[in-house]
Amino acid sequence: MAGRSKSTSPVTTDFLIIGSGVAGLRAAIEASRYGKVTVLNKGWRNESNSAFAQGGIAAALGEEGEQIQSHIEDTIDAGKGLCRPEAVRILVEEGPQRIHELIAWGAEFDKVGDRYAFAREGAHRHSRILRAKGDATGNEIVRTLV
51 MAGRSKSTSP
61 VTTDFLIIGS
71 GVAGLRAAIE
81 ASRYGKVTVL
91 NKGWRNESNS
101 AFAQGGIAAA
111 LGEEGEQIQS
121 HIEDTIDAGK
131 GLCRPEAVRI
141 LVEEGPQRIH
151 ELIAWGAEFD
161 KVGDRYAFAR
171 EGAHRHSRIL
181 RAKGDATGNE
191 IVRTLV
């Protein structure tokens with residue numbers, strides 16, 4: 051692997067996070083409150099499925115009378131019986147807080163004027179999809195978390 055260094059020195063850390071996608075980076079942020087964190091990735095910092103993810107991120111933040119319950123229902127319906135309802139509920143209920151967190155940390159989601167540009171995509175009854183730089187949402191979230 052040209053251009054990549056191989057370290058043979060021991061590394062001391064309190065938390066070893068394997069993977070630099072959104073889940074790994076978010077885990078690293080939480081763990082950093084309790085000790086030294088090392089993030090290990092198979093490639094460069096921006097080489098993760100998260101960084102390459104296109105499309106947008108869904109959250110119940112829209113302006114069409116969006117409700118948490120309708121987002122939960124849409125997600126379960128789209129899952130065709132494969133979703134655990136309790137997991138969906140947690141994901142949807144915590145979604146708005148996580149989006150606000152990303153924005154506070156510097157994530158730049160697409161806007162029309164001074165308002166976020168929410169889109170409506172398949173399986174969603176309301177406009178709740180936020181995008182960053184068109185289809186570079188994953189890369190923008192990874193950039194923010196790093």
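Going by my numbering, the sequence shown runs without a break in its numbering and finishes at 196. Ideal Cβ placement from N, Cα and C applies to all residues, glycine included. These numbers were taken from a predicted model, which means no experiment stands behind them.
- Only residues of its own chain outside the window of five on either side were considered, and among them L152, W155, G156 and A157 have a CB closer than 8 Å to the CB of T194, listed in chain order.
- Per DSSP, the unbroken beta strand (DSSP E) holding V87 starts and ends at V87 to L90.
- The beta carbon of A77 is closer than 7 Å to those of I67 in its chain, skipping five residues each way along the sequence.
- Boundaries cannot be given for F168, as no alpha helix (DSSP H) includes it and DSSP labels it neither H nor E.
- Boundaries of the beta strand (DSSP E) around L66: F65 to I68.
- Ranking S59, R134 and G71 by CA distance to the CA of G188 puts G71 first.
- Separation of R95 and F168 (C-alpha to C-alpha, rounded to the nearest whole angstrom) is 29 Å.
- Separation of V138 and T88 (C-alpha to C-alpha, rounded to the nearest whole angstrom) is 30 Å.
- Taken atom to atom, the span from the alpha-carbon of P135 to that of I118 is near 13 Å.
- Relative to A108, the option among F65, K183, G145 and V162 whose CA is nearest is G145.
- In this structure, I191 and S98 do not form a Cβ contact; the two beta carbons are roughly 11 Å apart against a cut-off of 8 Å.
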